[in-house]
Each structure stands twice: as C-alpha cells, then as structure tokens.
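Next comes the structure, spelled out in structure tokens:
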C-alpha cells in the first residue's frame with residue numbers, strides 16, 4: 001500500500017530545479033521561474049498574514065504537477 005495523498009506537498013523545489021537542469025537552458029529557466037519566488041498569504045476573518053515564501057511542493061491542480069512530481 002502506497003499513500004501518495006500528500007506527495008505533491010513533499011516535493012523539495014531546489015532538488016527538483018537541479019534535476020531539471022539537463023532539460024536545456026530555456027526550459028530550465030522557464031520552469032525555475034514557475035517554481036520559485038512564489039508567496040502565500042493566509043486569511044482568517046479580517047486577519048491577513050504577511051506573505052511567506054513557498055519552499056516546497058508543486059500545485060495540486062497544476063497541469064505540470066504530475067510531470068514535475070515524476071521527475072522528482
């Protein structure tokens with residue numbers, strides 16, 4: 001039994017980006033831009049947190065996510 005429900009959350013982005021390096025400089029640059037410098041803010045009632053960087057995980061609904069996870 002293999003539980004992969006939270007598998008996309010566990011992808012370590014620096015390692016994934018490193019593995020994408022052989023893909024070619026144009027593709028690598030595009031994917032690195034897509035995966036880095038992402039921020040998240042949480043809202044609860046009237047409170048909105050300060051932006052925090054996303055350092056792990058790929059988007060669950062992202063069209064590239066299954067491919068990126070398989071590379072990781």
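Numbering (full-length UniProt numbering), first residue to last: 1 to 72. All residues carry an ideal CB built from backbone N, CA and C; glycine is no exception. This one's a predicted model, so the numbers in the text were calculated from it and none came from an experiment.
Residue burial is scored here from C-beta neighbours: residue 47 has fewer than 16 other C-beta atoms within 10 angstroms and is therefore classed as exposed. Nearest Cα to residue 50 within the set 59, 40 and 58: 40. Pairing residue 44 with residue 62, the inter-Cα distance amounts to about 25 angstroms.
Residue 64 counts as exposed, since fewer than 16 other C-beta atoms from the protein chains shown sit within 10 angstroms of its C-beta. DSSP links residue 40 through a beta bridge to 52.
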